[in-house]
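S.K.: Using the working numbering, the first residue of the sequence shown is number 71, and each one after it goes up by one. Positions of the beta carbon are idealized from the N, C-alpha and C atoms, including for glycine. Got a structure here, written out as structure tokens. Questions coming.
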Amino acid sequence: MATSIDARDRDVQHAFQEALALARGATTASLDDVETSLWSALLALGRALIALYLARVVARPRSADYVHGGAKFVLAETATSEIGTRFGKVVFERPVGRRVGWRRATCDRPIDRALRLGGGFSLSTVLSVTRLCAQLAFANARATFAQFCEWSPSQRSTLRMVDAVGAEARPFLAAAPAPDDDGEILVLQVDGGGAPHIDLAELLLRQRTHAKRSGTARHRRRDRRQSRQRPRRAKGDKSKNAKVAFVGVIYTLRRAADGTCEGPIRKRLYATFESHAALFKWLHHEAVKRGYGNKRTLFLADGAEAIWDQQAIWFPKAETCIDWVHIVEKLWAAGRCLHREGSDQLAAWVADRVRDLRGRSGADKVITTLSAAYASIAKTGPGNKAKRERVLDVLTHINKHRHRMPYYTLRRDDLDIGTGAVEGAIRNLVRMRLDGPGMRWSRGRSEWVLHLRCILLNGQWDDFAAHLAGRGSLQLAATPTPTRSHQAAKRAA
């Protein structure tokens, strides 16, 4: 073993001398050429140093027999494989244990466990690739990793990494402590955004056997289109097959000396594809940690009935407010039934209703005005029936949510009246990663990537990495999690 360590030490010296020679002898080369060559040389030096470190770890004295998981093992032979590091692939030779008394002896790798190697990759490599996958499409993540490290894990290994790390994201988020230095006013916002999921028909199409075809690529595409005619979508059918991600935002506000509110403070995002009930259960758990029940709490959302039903169950003590922009859009819809689109009269009418809505009378004056407007539209005449229906819909909607429009009070207290925070969260969490061109997600992996993005956007990634490092080795499955359609996942649940 000493010979192996000496050889690794010579490799380090040789790699260092090569990097030094590049810097000394490249006086006539361009900076770009020198930088590219030096980067490759530094990666080679890093691989040599990692190999030296591994050789010294293997050379440490250790007992030939040991107990693991209640079973006895003996170090019987050595195994050689490549492990993936940030510097590249490194050949690793170490002893492995065989279970005593078993005919088909189970293999155990104690040194791999001590080094926290998972599936042939270092933990930092797994976390680096997974972090990129939480921000970019899988192919782009691998290409970005290769741009800096001059190698990348296979597509199959990348999916294994995302599956393993993503499965740890939700428990970490649920167990994370409440942030320090919180404000005295708690604010919650909830909304949803769709992401395309693969359906059963498309899944079967992708899993079919691909027969080799003759001819040029152009003719093969034509033959493929003719042999696999897709049924024409009926009116109302969606090609996207989007499933809603339920998104919640929690943050606090702090009252300043002049009476204004500072914030948002310690904003955190939570999201799931399960259901509104699952999201609200999670949000309630987090809100209690941050003072729900003891702090003034404000809950904001748009007009979705499912959200308000869950709010009544999980946050009955919260002050409620329906999104200001949502109501203003309703006023514009009603105004178009009374005045010509784009006219000054329409803009003035909406401005008056907005002023009424912000005043002390709140929704009451708006409801009175809309009632009079509805009565002023004749029951007969071209287009009048549709106009009356639209105005009545707006009137009914505002009347139903009139107790959720305390805009005057909230603006007086310098509190939020819009759901911009959760709208931005949907854009960053869902649309920028899960709603890309051609993406079709399986149920499980979309949930894991969503949770990883929550950790990333919450600024908790370093804590998450430390959490995984403290738990020991992260085991990667032998194969990626099989793709399941959204329908199959719902049936299994």
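(1) Give me whichever residues DSSP pairs with TYR362 in a beta bridge.
(2) Could you please give the first and the last residue of the uninterrupted beta strand (DSSP E) stretch that includes ARG168?
(3) Measuring CA to CA, which of HIS267, THR279, GLN380 and VAL144 is closest to GLN259?
(4) So, using beta-carbon positions, are ARG230 and LEU546 closer together than 8 Å?
(5) Would you grab the beta carbon distance between ALA211 and VAL199 for me? Rounded to a whole angstrom, and I think it's under 8 Å.
(6) Using the Cβ count rule (16 or more neighbours within 10 Å means buried), how would you classify GLY542?
(7) Looking at the structure shown, is HIS396 part of a helix, part of a strand, or coil, going by DSSP?
(8) In the DSSP assignment, find the alpha helix (DSSP H) that holds ALA234 and state where it starts and stops.
(9) Relative to the ligand FMN, is the shortest distance from any of its heavy atoms to the C-beta of ARG541 smaller than 7 Å?
(10) Beta carbon of LEU270, beta carbon of ALA558: below 8 Å?
(11) Count the other CB atoms within 10 Å of the CB of ASP372; is the residue buried (16 or more) or exposed (fewer)?
(12) Is the beta carbon of ASP484 sitting closer than 8 Å to the one on CYS331?
(13) Label ASN364 either buried or exposed according to how many other C-beta atoms from any shown protein chain fall within 10 Å of its C-beta, with 16 as the threshold for buried.
(14) Is the CB-CB distance between LEU401 and ARG423 below 8 Å?
(15) Of all the beta strand (DSSP E) runs that stay within the bounds of the segment 475-518, which reach a length of 3 or more residues?
(16) What does DSSP give as the partner residue(s) for ILE320 in the beta ladder?
(17) Measuring alpha carbon to alpha carbon, tell me which of ARG78, ILE255 and THR439 ends up nearest GLY405.
(18) Since LEU193 contacts ARG186 with CB under 8 Å, what's their CB separation in whole angstroms?
(19) Keeping to the same chain, check which residues put their C-beta closer than 8 Å to that of ARG472; ignore five residues upstream and five downstream.
(20) GLU147 bridges to which residues according to DSSP?
(21) Find out if the Cβ-Cβ distance for the pair SER151, PHE143 is shorter than 8 Å.
(22) Answer with buried or exposed for HIS355, where buried requires no fewer than 16 other C-beta atoms within 10 angstroms of its C-beta.
(23) Grouping DSSP H, G and I as helix and E and B as strand, with all else coil, what is PHE343?
(24) List the whole-angstrom C-beta distance separating ALA129 from ILE75, where the pair is believed to meet the contact cut-off of C-beta under 8 Å.
(25) Using 8 Å as the threshold, is the C-beta distance between TRP419 and HIS409 below it?
(26) Which two residues bound the contiguous alpha helix (DSSP H) that contains ASP251?
(27) To the nearest angstrom, how far is the alpha carbon of GLY412 from that of ILE268?
(28) Note down the Cα distance separating ALA495 from ARG503, rounded to an integer number of angstroms.
(29) Using DSSP's beta-bridge definition, name the partner residues of HIS267.
(30) Which residues in the same chain as GLN225 place their Cβ atom closer than 6 Å to its Cβ, once the five residues preceding and following it in sequence are excluded?
(31) For PHE242, name the three-state secondary structure that DSSP assigns.
(32) Starting from LEU467, trace the alpha helix (DSSP H) both ways and give me its first and last residue.
(33) Alpha carbon to alpha carbon, how far is GLU493 from ARG513? Give it in angstroms, no decimals.
(34) Name the DSSP beta bridge partners of HIS138, please?
(35) Could you pull out every residue in the same chain whose Cβ sits closer than 7 Å to the Cβ of ASN528, ignoring the five residues on either side in sequence?
(36) So is CYS203 buried or exposed if we call it buried at 16+ other beta carbons inside 10 Å?
M.R.: Inspection of the coordinates gives the following:
(1) LYS365
(2) 158-169
(3) GLN380
(4) yes
(5) 7 Å between Cβ atoms; contact.
(6) Classification for GLY542: exposed.
(7) Secondary structure of HIS396 (DSSP, three-state): helix.
(8) 225-236
(9) For the ligand FMN, the structure offers nothing, since it holds no ligand at all.
(10) yes
(11) It counts as buried.
(12) yes
(13) exposed
(14) yes
(15) none
(16) Answer by DSSP bridge pairing, in chain order: LEU258 and ARG338.
(17) THR439
(18) 5 Å
(19) GLY432, ALA433, ASP434 and ILE437
(20) Per DSSP, VAL166.
(21) no
(22) Under this definition HIS355 is an exposed residue.
(23) coil
(24) 6 Å
(25) yes
(26) Careful: ASP251 lies outside any alpha helix (DSSP H) and carries neither H nor E.
(27) 41 Å
(28) Answer to the nearest angstrom: the Cα atoms are 12 Å apart.
(29) TRP511
(30) none
(31) helix
(32) Leu is not the amino acid found at residue 467; the sequence shown has His there. That run of the alpha helix (DSSP H) goes 454-470.
(33) 23 Å
(34) Answer is ALA141, bridged to HIS138.
(35) Closer than 7 Å at Cβ, skipping near neighbours: ARG338 and LEU339.
(36) buried
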